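Chains as they are written, first to last, in our numbering: chain A, 159 to 436; chain B, 159 to 436; chain C, 159 to 436; chain D, 159 to 436.
Ideal Cβ positions, reconstructed from N, Cα and C, are used throughout, including at glycine.
Nothing here was measured: the structure is a model prediction, and the numbers come from that model.
Notes for the one structure printed next.
4 protein chains.
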Amino acid sequence: MNKKTNHKTWKDQLHGIIYEADTPIGKIFDVVLLILIVLSIVFVMLESVKGLHDSLYTFLYYGEWVITVFFTFEYIARIITIKKPSKYVFSFYGIIDLLSTLPLYLSFFITGTSALLAVRALRLLRVFRILKISRYIGESNRLAKAIRDSGAKILVFLFAVIVLCIIMGTVMYLVEGEQSGFRSIPLSVYWCIVTMTTVGYGDIAPVTPLGQLIAAMIMVVGYGIIAVPTGIVSAEYASGQKPKKINLNTQVCSNCHTSDHKDGAKFCHKCGEDLHNE
Amino acid sequence: MNKKTNHKTWKDQLHGIIYEADTPIGKIFDVVLLILIVLSIVFVMLESVKGLHDSLYTFLYYGEWVITVFFTFEYIARIITIKKPSKYVFSFYGIIDLLSTLPLYLSFFITGTSALLAVRALRLLRVFRILKISRYIGESNRLAKAIRDSGAKILVFLFAVIVLCIIMGTVMYLVEGEQSGFRSIPLSVYWCIVTMTTVGYGDIAPVTPLGQLIAAMIMVVGYGIIAVPTGIVSAEYASGQKPKKINLNTQVCSNCHTSDHKDGAKFCHKCGEDLHNE
Amino acid sequence: MNKKTNHKTWKDQLHGIIYEADTPIGKIFDVVLLILIVLSIVFVMLESVKGLHDSLYTFLYYGEWVITVFFTFEYIARIITIKKPSKYVFSFYGIIDLLSTLPLYLSFFITGTSALLAVRALRLLRVFRILKISRYIGESNRLAKAIRDSGAKILVFLFAVIVLCIIMGTVMYLVEGEQSGFRSIPLSVYWCIVTMTTVGYGDIAPVTPLGQLIAAMIMVVGYGIIAVPTGIVSAEYASGQKPKKINLNTQVCSNCHTSDHKDGAKFCHKCGEDLHNE
Amino acid sequence: MNKKTNHKTWKDQLHGIIYEADTPIGKIFDVVLLILIVLSIVFVMLESVKGLHDSLYTFLYYGEWVITVFFTFEYIARIITIKKPSKYVFSFYGIIDLLSTLPLYLSFFITGTSALLAVRALRLLRVFRILKISRYIGESNRLAKAIRDSGAKILVFLFAVIVLCIIMGTVMYLVEGEQSGFRSIPLSVYWCIVTMTTVGYGDIAPVTPLGQLIAAMIMVVGYGIIAVPTGIVSAEYASGQKPKKINLNTQVCSNCHTSDHKDGAKFCHKCGEDLHNE
Chain A
159 MNKKTNHKTW KDQLHGIIYE ADTPIGKIFD VVLLILIVLS IVFVMLESVK GLHDSLYTFL
219 YYGEWVITVF FTFEYIARII TIKKPSKYVF SFYGIIDLLS TLPLYLSFFI TGTSALLAVR
279 ALRLLRVFRI LKISRYIGES NRLAKAIRDS GAKILVFLFA VIVLCIIMGT VMYLVEGEQS
339 GFRSIPLSVY WCIVTMTTVG YGDIAPVTPL GQLIAAMIMV VGYGIIAVPT GIVSAEYASG
399 QKPKKINLNT QVCSNCHTSD HKDGAKFCHK CGEDLHNE
Chain B
159 MNKKTNHKTW KDQLHGIIYE ADTPIGKIFD VVLLILIVLS IVFVMLESVK GLHDSLYTFL
219 YYGEWVITVF FTFEYIARII TIKKPSKYVF SFYGIIDLLS TLPLYLSFFI TGTSALLAVR
279 ALRLLRVFRI LKISRYIGES NRLAKAIRDS GAKILVFLFA VIVLCIIMGT VMYLVEGEQS
339 GFRSIPLSVY WCIVTMTTVG YGDIAPVTPL GQLIAAMIMV VGYGIIAVPT GIVSAEYASG
399 QKPKKINLNT QVCSNCHTSD HKDGAKFCHK CGEDLHNE
Chain C
159 MNKKTNHKTW KDQLHGIIYE ADTPIGKIFD VVLLILIVLS IVFVMLESVK GLHDSLYTFL
219 YYGEWVITVF FTFEYIARII TIKKPSKYVF SFYGIIDLLS TLPLYLSFFI TGTSALLAVR
279 ALRLLRVFRI LKISRYIGES NRLAKAIRDS GAKILVFLFA VIVLCIIMGT VMYLVEGEQS
339 GFRSIPLSVY WCIVTMTTVG YGDIAPVTPL GQLIAAMIMV VGYGIIAVPT GIVSAEYASG
399 QKPKKINLNT QVCSNCHTSD HKDGAKFCHK CGEDLHNE
Chain D
159 MNKKTNHKTW KDQLHGIIYE ADTPIGKIFD VVLLILIVLS IVFVMLESVK GLHDSLYTFL
219 YYGEWVITVF FTFEYIARII TIKKPSKYVF SFYGIIDLLS TLPLYLSFFI TGTSALLAVR
279 ALRLLRVFRI LKISRYIGES NRLAKAIRDS GAKILVFLFA VIVLCIIMGT VMYLVEGEQS
339 GFRSIPLSVY WCIVTMTTVG YGDIAPVTPL GQLIAAMIMV VGYGIIAVPT GIVSAEYASG
399 QKPKKINLNT QVCSNCHTSD HKDGAKFCHK CGEDLHNE
């Protein structure tokens, strides 16, 4: 029994370092992890740039491999230190972590997949967990709430905008024709979206007077309706109450992956597992 | 009399399937209709794309005809199953339905009219009727109210913007002249609208230092006044009360096309016609 | 004395027709005036378009002259039917009316001045006077109040934006240099304004990686601060009370050009002049 | 002792002129200073313009030197008239003032540094001190508060937008490839930021149908989320109380550089130094 307890302690310690950020070592681990994530994103980006010195490519190549191997060990450690691995594997971060590691291995078999490593950018969202500054978490909760509350309304709005774009795109296709760059209806609808959202690349632009008149009308309408989603979010956000006090404890149960424990809790409130904080 | 009642039942059953979405068959009919609308819009769009395989054009051509014939039968069914067809024919959806069917027949006589089938996109608005999710309908009602309330103000605002664009467009025409692309006053006014709405294609752009100075001033002003309609809608939306409980019943009277019946109503509250729900 | 009264009546009647819009003839006069203003703006715009048929230019030329002669008579009539002409001549509309008539006469001496006729667009603002729909006037009053209240704040904000644009423009000039189109500091500042306001013509765009990184930062900052003026106007507008009931009377005193009379007033509340309404 | 008092008076008088704006001479000094700042910025900008007459460059060169010498004397005067120079030297304006003077001297040793004089634009912010119009200062305080309060939330938001841009930029790099101008992942991320912020230069634009579809989705999403920071600032600004009465006194203690004295105060409230106002 002694040995088993010992073994359990080793796993539990690793669990605390990897999953939690309350102890100094846990915090250092998370900061190192974040730096490696940022580095690996920079590596993936730089590798796609042409015209750099060959030795840099070699450095990037090996750097990427070192980081990926580290991520692989981290992923395995996350699985073995938790009692119910499926809880982690199928969680949001579990899937992101797998997708961040796999592409480089796949690149042996399929060319170009290494660019998929950009999905690692999603791992950056862990930064909010480490910062643990209540206002950041509180605000993003409140923001998320306002966006969720506005969601249905903004979807209704965007749906109406897209119906409008299909109709006006077709009108512009008929008015301008192919010699102005409006080569097909889907392309005209694309142009209409580019215009309504005020992006305005200018790769396609109306040339005939009638087309320019209609385009001007589309812009003025777009200018008028850009106000609508803004107004919705403003009103929704203003009416939203301050979210309740947020629990900043980062302990995670090594048995069931439950994470919202109270400060000073000694046992998991869900499965009764020892949380191993002394 | 027996036969007449029988005949009435047949029409009434069809009326229930086509106009209402409360029964399983009525719902299936509406979903199939929506899929066909989306398909027909995709067909019209794809047909305008050049460079596809010939067999695809043949498929699109026949597909469009099959859908149009279905829409034609649906339109006729909608007319014969209602007692006062004029109520439907001159309603918003009645006109849209006709305009969605006619262009393909017209394309025998006039070339190019088949592109007008894009008006079918408006039929997509039926989707809100099928979804019948109260928050969607409620929100779009509240949104519509906020936009209607803001309408007069935003019109005053857009009118002032257009007067400003006419004057600044003329000034830019005088300052920049034809060699910079400001070839006429209407074109300069068009450029001014493109700039004020922050679309900025770049097909016409000031070249002289004075022109660029004036353009910079127009942009800063446009940047400042883009706030106005947004502010109006925000304030209007925030002050709007939640709309009253919405009636989600989709029954439509087969005699007078009235649609806002109470759940469980057995007779039309307007003309007394039997609503045929058991 | 009889004759003098008669003479006064003639002037007073004309005054009523020209300045007021409460009588049928006064309303017809204002509508005809508005149509002529719109027509003359269209004429001036069309005249600048190249490649039209010669006979159209001839028509435009004579049409413009006919309208200008009418405007000249109207301007003279406005002066002689008022007892203190200086009250009208130096009012906002008095100056606009003069500037709308003069350029065509000046075009005999100086070429190109006829384009200045676009200032006539400002005369279109009279439309609000004719519409006399209380909500339009009320709304534009409330809007004007919100904009006036926000003015000082938005000026502070725009001043800070311009200081930022000068500094970032200089940085981009140093980073990108002349071969990328950033040919001088003023041009770089112009580019920075084009970018910050999200217009983005694309006639000048960063080419070097460092320049693009800085440009991306400018855009994200611009994206973040576009929220500021919008927020100001929203808050200001929302907090503004509904303006008091608006006086829709359009009577104007023929002696002192005072215009805010009560309905049914028989004498000017400022100078005691007879308002001649029976 | 008499002489020492005299000497002190001379320094104190200069201190009053340079640092304060309550006396007529102090106000004139500040206005002259502002004009010189504006002039020197115009000089630096014009000097970068090619194709001007040679004599103008000579004029600009000497003009810049005259102003810089004046600024040098002003900087020295600011240091010697204050008892604790370090209080000024390391204040915000102290650093700006040094950075505004140094580059021209450095241009003897390093070419191109004279363009750094654009940092002088920051000195323009002194204008708010001279205007001393309470509403300007009050408003900028309230604005600053709203922006500071929104800061954390907007940072969370911008962070999420950048993560989204990295991922979508990589997707576009894979979809569009190099022949469409998406030459590397960093460039694609740059394009994604240009698009999301609705700037849309058009120097890089998707060409393939799939790329255009994804681009359209990015735009619609960008259009929807542009509402978020606006909503935050609006709500924050609307909920902000009016700032307390602002102290418009411009006296600055010649000993400890403290500036928020009450009107009519005779001694510094922090160090007890005589403020020398009679």
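Interface partners of residue i on chain D, CB under 9 Å
i	result
C/Tyr263	Simply none; closest approach about 38 Å.
C/Pro243	The contacting residues do not exist; C/Pro243 stays about 38 Å from chain D at best.
Whole-number beta carbon distance between residue j and residue i, since they are thought to touch under 8 Å
i	j	result
C/Met354	C/Val319	6 Å
D/Ile362	D/Gly327	Actually they are not in contact, since the Cβ atoms of D/Ile362 and D/Gly327 sit about 11 Å apart, beyond 8 Å.
C/Gln370	D/Tyr359	Going by Cβ atoms, the distance from C/Gln370 to D/Tyr359 rounds to 10 Å, so no, they are not a contact pair.
A/Pro387	A/Ile312	5 Å
C/Leu262	C/Thr226	5 Å
B/Val321	C/Leu280	7 Å
C/Thr356	D/Val357	5 Å
Cβ of residue i within 8 Å of any chain D Cβ
i	result
B/Gly358	yes
A/Tyr215	no
8 Å Cβ cut-off: residues of chain B touching residue i
i	result
A/Ser342	Met203, Ser206, Val207 and Lys208
C/Ile351	Ala374, Met377 and Val378
Contacts that residue i makes with chain A (C-beta to C-beta distance below 8 Å)
i	result
D/Val319	Within chain A, no residue comes near D/Val319; the closest Cβ sits about 12 Å away, beyond 8 Å.
Contacts of residue i in chain C (Cβ-Cβ under 9 Å)
i	result
B/Tyr233	In chain order: nothing, as chain C lies at least about 40 Å away.
Interface partners of residue i on chain D, CB under 8 Å
i	result
A/Thr355	Thr356, Met377, Val378, Gly380 and Tyr381
Test item: CB-CB of residue i and residue j under 8 Å
i	j	result
C/Cys350	C/Met330	yes
B/Pro344	A/Pro367	yes
C/Glu205	C/Tyr215	yes
C/Phe228	C/Leu172	no
D/Arg278	D/Ile199	yes
C/Leu264	C/Tyr233	no
D/Val314	D/Glu334	no
D/Glu178	D/Phe201	no
D/Ser342	A/Val196	no
D/Lys242	D/Asn413	yes
A/Ile237	A/Tyr251	no
Beta carbon proximity, residue i to chain A, threshold 8 Å
i	result
C/Pro401	Bear in mind that a pLDDT of 42 at C/Pro401, under 50, signals an unreliable position, so the number given afterwards is only what the model happens to contain. False, the Cβ-Cβ gap to chain A never drops below 8 Å.
D/Gln370	yes
B/Leu282	yes
C-beta neighbour in chain B for residue i, strict 8 Å
i	result
C/Tyr177	no
C/Val189	no
A/Cys429	no
A/Lys169	no
Interface flag, residue i vs chain C, CB-CB below 8 Å
i	result
D/Ala374	no
B/Pro182	no
B/Ser292	The pLDDT assigned to B/Ser292 is 44, lower than 50, so where the model puts this residue is not dependable; a value taken from the coordinates is nonetheless given after this. Judged by the 8 Å Cβ criterion, B/Ser292 is not in contact with chain C.
D/Tyr219	no
D/Leu172	no
Partner residues on chain C for residue i, Cβ-Cβ distance less than 8 Å
i	result
D/Asp361	Gly360 and Ala363
Partners in chain A for residue i, counting only beta-carbon separations shorter than 9 Å
i	result
B/Tyr348	Pro364, Pro367, Gln370, Leu371, Ala373 and Ala374
Any non-hydrogen atom of the ligand ATP within 7 Å of residue i CB
i	result
A/Leu191	With respect to the ligand ATP, the structure offers nothing, as it holds no ligand at all.
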